[in-house]
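Working notes, structure below.
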Amino acid sequence: MAQAKTGGCLCGGVTYDVRGELRPVVACHCHQCRKTSGHYVAATQAAQADVTIRGDTLRWFRSSDTAERGFCGNCGSNLFWRRHGNPYISIWAGTIDGQTGLRMESQIHTESAGDYYELPHVPVIDQSELS
332 MAQAKTGGCL CGGVTYDVRG ELRPVVACHC HQCRKTSGHY VAATQAAQAD
382 VTIRGDTLRW FRSSDTAERG FCGNCGSNLF WRRHGNPYIS IWAGTIDGQT
432 GLRMESQIHT ESAGDYYELP HVPVIDQSEL S
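Using the working numbering, read the sequence shown as starting at 332 and increasing by one per residue.
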């Protein structure tokens with residue numbers, strides 16, 4: 332089993348523990364990720380059953396018919412993304428405490444990338460290739 336990871340939002344109102352494996356980081360350049368983060372999102376993923384979330388400031392926003400985004404209602408930190416009915420939850424890699432040991436492995440929705448940055452030097456995949 333992987334070493335437990337902890338993380339949370341800027342103000343500490345939402346914290347989490349991950350007891351299971353974390354997927355390598357995937358960058359998402361889609362319109363919604365750019366709007367919620369102000370840039371592109373770099374996220375890992377874990378089984379929802381392996382993640383314990385604490386704090387009464389966590390809010391969920393239904394960003395589409397198929398998914399929702401979790402953020403702190405106090406400081407506004409973006410933390411999570413999850414597809415309805417999927418056993419996995421994406422976790423913004425920058426919200427993990429300390430060294431993650433993770434690496435960016437791929438990227439999705441590059442056709443939506445902003446014109447103000449260069450794409451990372453990792454393979455482009457289709458979102459359907461992810462869990």
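Cβ coordinates follow ideal geometry from the N, Cα and C atoms, glycine included.
request  = Taking Ser462 as the reference, give the member of Ala378, Gly339, Arg365 and His360 with the closest Cα.
outcome  = Ala378
message = For the alpha helix (DSSP H) containing Cys340, name the first residue and the last one.
response = Neither: Cys340 is in no alpha helix (DSSP H) and is coded neither H nor E.
request  = Check whether the Cβ atoms of Gln363 and Ser394 lie closer than 8 Å to each other.
outcome  = yes
ask   = How do the region 371 to 387 and the region 422 to 433 stand: do at least 3 beta-carbon pairs fall below 8 Å, yes or no?
value = yes
request  = Whole angstroms is fine: what's the gap from Val345's alpha carbon to Met435's?
outcome  = 25 Å
key: Burial state of His469, where buried means 16 or more other Cβ atoms lie within 10 Å   = An answer regarding residue 469 cannot be provided, because it is not within the stretch 332 to 462 covered by the chain.
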